[in-house]
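The opening position of the sequence shown corresponds to residue 0 in numbering that gives the first Met the number 0, with each subsequent residue numbered one higher. Note that beta-carbon positions come from the ideal geometry of N, C-alpha and C, so glycine has one too. First comes the structure, then the notes that go with it.
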Amino acid sequence: MPPIIDVQHLIKSYAGGGRALDDVSVEIESGEILALLGPNGAGKTTLISIICGLTRITEGTVSVGGFDVVKDYRKTRALIGLVPQELMLEPFETVFETVSLSRGLFGCKPNKSYIESVLSQLSLLDKKDAQMKELSGGMKRRVLIAKALSHEPKILFLDEPTAGVDVELRRDMWNVVTELKQRGVTIVLTTHYIEEAEEIADRVAVINGGKILLIEEKDKLMKRLGTKQLRIELQAPITTLPDSLSDVDVQRADDGMSLIYHYDVKAERTGITSLLSTLASEGIVLRDLQTYQSSLEDIFVGLVTEENK
Ligand SMILES: Nc1ncnc2c1ncn2[C@@H]1O[C@H](COP(=O)(O)OP(=O)(O)OP(=O)(O)O)[C@@H](O)[C@H]1O
Ligand SMILES: [Mg+2]
Numbered sequence: 000m001p002p003i004i005d006v007q008h009l010i011k012s013y014a015g016g017g018r019a020l021d022d023v024s025v026e027i028e029s030g031e032i033l034a035l036l037g038p039n040g041a042g043k044t045t046l047i048s049i050i051c052g053l054t055r056i057t058e059g060t061v062s063v064g065g066f067d068v069v070k071d072y073r074k075t076r077a078l079i080g081l082v083p084q085e086l087m088l089e090p091f092e093t094v095f096e097t098v099s100l101s102r103g104l105f106g107c108k109p110n111k112s113y114i115e116s117v118l119s120q121l122s123l124l125d126k127k128d129a130q131m132k133e134l135s136g137g138m139k140r141r142v143l144i145a146k147a148l149s150h151e152p153k154i155l156f157l158d159e160p161t162a163g164v165d166v167e168l169r170r171d172m173w174n175v176v177t178e179l180k181q182r183g184v185t186i187v188l189t190t191h192y193i194e195e196a197e198e199i200a201d202r203v204a205v206i207n208g209g210k211i212l213l214i215e216e217k218d219k220l221m222k223r224l225g226t227k228q229l230r231i232e233l234q235a236p237i238t239t240l241p242d243s244l245s246d247v248d249v250q251r252a253d254d255g256m257s258l259i260y261h262y263d264v265k266a267e268r269t270g271i272t273s274l275l276s277t278l279a280s281e282g283i284v285l286r287d288l289q290t291y292q293s294s295l296e297d298i299f300v301g302l303v304t305e306e307n308k
């Protein structure tokens with residue numbers, strides 16, 4: 000199947016500024032959840048805004064569902080639901096009106112029961128007649144999601160959906176996302192919460208300084224870049240490492256109460272057996288052993304800091 004979103008050699012320059020996007024190419028498959036990770040100012044919102052047809056392209060092409068986002072704007076925009084980063088709502092409209100109007104804007108027939116089901120999923124049904132100005136910040140976020148879903152889009156963009164929201168809303172949101180995925184909706188989300196990307200995404204893209212540094216299946220990414228750490232807790236502290244360990248990637252930690260050993264999960268030999276036997280022959284007694292898999296966060300921080308050097 001051709002990708003549902005196809006971005007090729009996209010460049011965005013703002014007047015007087017540098018490049019917000021610098022030769023970005025991304026193909027997003029129908030039905031996948033892609034997490035877009037990147038620090039502030041990386042270009043995430045700019046990329047989403049261009050795909051949604053809200054920001055002008057400087058160079059390059061973007062198509063959604065096989066249609067060009069510039070030439071066929073109405074067609075492409077109708078396929079997309081956007082939960083924007085900024086709260087933008089009419090203060091005197093009620094929840095139900097706002098969501099229904101949004102559906103109407105996309106030319107969909109009114110459908111009260113569908114809208115009510117969306118409101119219910121977002122725990123907003125009892126607020127359906129409340130005006131926007133009466134809602135708390137978290138409830139307004141829920142309304143933005145309901146609006147984005149009002150016209151039953153095939154693609155959903157969530158731009159920092161969980162920044163500053165409480166645990167309950169996050170849980171509701173991920174329930175909605177999971178259900179949408181089951182229905183075949185393609186989801187692109189940006190987040191600063193790396194553990195969310197780790198939990199929910201099929202693929203992860205890392206963007207920094209307007210460039211895509213990497214895009215890969217999450218599981219492969221974790222495997223490819225993941226190193227494991229073995230923590231060896233000792234019965235008694237050691238002041239220096241024995242010479243027999245000088246060629247081994249092992250460090251003293253916790254004032255000599257433990258040793259940290261890094262190894263490659265893919266390597267044929269991890270070196271653990273020989274490390275342990277060396278320790279035994281040096282008379283070093285172990286109390287406990289623990290292993291840690293490095294997280295997406297370690298990988299992300301590593302990539303971004305390397306790029307900024
Ligand atoms: N309307 C604009 N005019 C000029 N520059 C802009 C405009 N919008 C964004 N930029 C610049 O483009 C770059 C990318 O911004 P963008 O909003 O896409 O980042 P982001 O990855 O969404 O960041 P954040 O995580 O803070 O939301 C930044 O340097 C920003 O200052
Ligand atoms: Mg942004």
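Identify, in the order they occur along the chain, each residue of the same chain with its Cβ nearer than 8 Å to the Cβ of residue i, setting aside the five sequence neighbours on each side.
i      : result
Gly65  : Pro1
Ile211 : Val23, Ser24, Val25, Ala204, Val205
Phe271 : The sequence shown places Ile at residue 271, not Phe. Excluding sequence neighbours, Ile271 sits near Leu229, Tyr260, Tyr262.
Glu58  : His8, Leu9, Ile10
Ala235 : Val284
Asp254 : Pro236
Buried or exposed, going by whether 16 or more other CB atoms sit within 10 Å of the CB of residue i?
i      : result
Lys160 : Going by the sequence as given, residue 160 is Pro instead of Lys. That one is buried.
Tyr291 : exposed
Thr185 : buried
Thr97  : buried
Ala19  : buried
Gly17  : exposed
Ser280 : exposed
Ser122 : exposed
Asp246 : exposed
Ser101 : buried
Gly42  : buried
Gly183 : exposed
Spatial neighbours of residue i within its chain, please: C-beta separation below 7 Å, excluding the five flanking residues on both sides.
i      : result
Ser257 : Arg230, Ile231, Glu232, Leu233
Ile27  : Pro2, Ile3, Ile4, Leu33, Thr185, Val187
Val164 : Gly137, Arg140
CA-CA distance, residue i and residue j?
i      : j      : result
Gly103 : Arg73  : 13 Å
Thr45  : Thr54  : 7 Å
Thr269 : Leu244 : 15 Å
Asp287 : Thr239 : 19 Å
Thr60  : Cys51  : 13 Å
Thr75  : Ser99  : 20 Å
Thr189 : Lys126 : 28 Å
Ser29  : Glu215 : 16 Å
Asp21  : Ile56  : 11 Å
Pro152 : Val264 : 41 Å
Thr277 : Ile237 : 15 Å
Thr304 : Leu220 : 18 Å
By alpha-carbon positions, which one of the options ends up nearest to residue i?
i      : options                        : result
Phe39  : His191, Ala14, Leu148, Ser119  : The sequence shown places Asn at residue 39, rather than the Phe named in the question. Measuring from the Cα of Asn39, the nearest candidate turns out to be His191.
Lys217 : Gln228, Gly209, Val203         : Val203
Gln7   : Gly183, Val164, Ile49          : Ile49
Thr177 : Asp242, Glu133, Ala200         : Ala200
Ser62  : Ala14, Asp5, Cys51             : Asp5
Lys180 : Glu31, Ile27, Gly16            : Glu31
Leu106 : Ser122, Leu78, Ile298, Ser273  : Checking the sequence, you will find Gly at residue 106 rather than Leu. Checked all of Ser122, Leu78, Ile298, Ser273; the closest Cα to Gly106 is Leu78.
Leu81  : Asp158, Leu118, Thr57          : Asp158
Lys11  : Gly208, Ser116, Asp165         : Gly208
Met131 : Glu92, Val164, Asp125          : Glu92
Val166 : Glu195, Ala266, Glu115         : Glu195
Phe299 : Ala266, Val249, Glu197, Asp253 : Glu197
Leu275 : Asp297, Arg141, Glu267, Val249 : Val249
Ala129 : Leu88, Ile47, Asn174           : Leu88
Arg119 : Asp242, Ile193, Val142         : Looking at the sequence provided, one finds Ser at residue 119 rather than Arg. When each option's Cα is compared against that of Ser119, the closest is Val142.
Thr226 : Leu168, Leu213, Gly301, Pro241 : Gly301
His150 : Val117, Tyr13, Ala41, Val68    : Val117
Pro83  : Gly163, Ala147, Lys111, Gly137 : Ala147
Going along the chain, which residues of its own chain have a beta-carbon closer than 6 Å to the beta-carbon of residue i, five neighbours each way excluded?
i      : result
Leu86  : Lys139
Leu187 : First, the amino acid is wrong: residue 187 is Val here, not Leu. So the qualifying residues of the chain are Leu33, Phe156.
Ile154 : Leu78, Ile79, Thr185
Exercise answer, beta-carbon shell around ligand 1 heavy atoms below 5 Å: Taking a cut-off of 5 Å from the heavy atoms of ligand 1, the residues with a C-beta inside it are Tyr13, Gly16, Ala19, Asn39, Gly40, Ala41, Gly42, Lys43, Thr44, Thr45.
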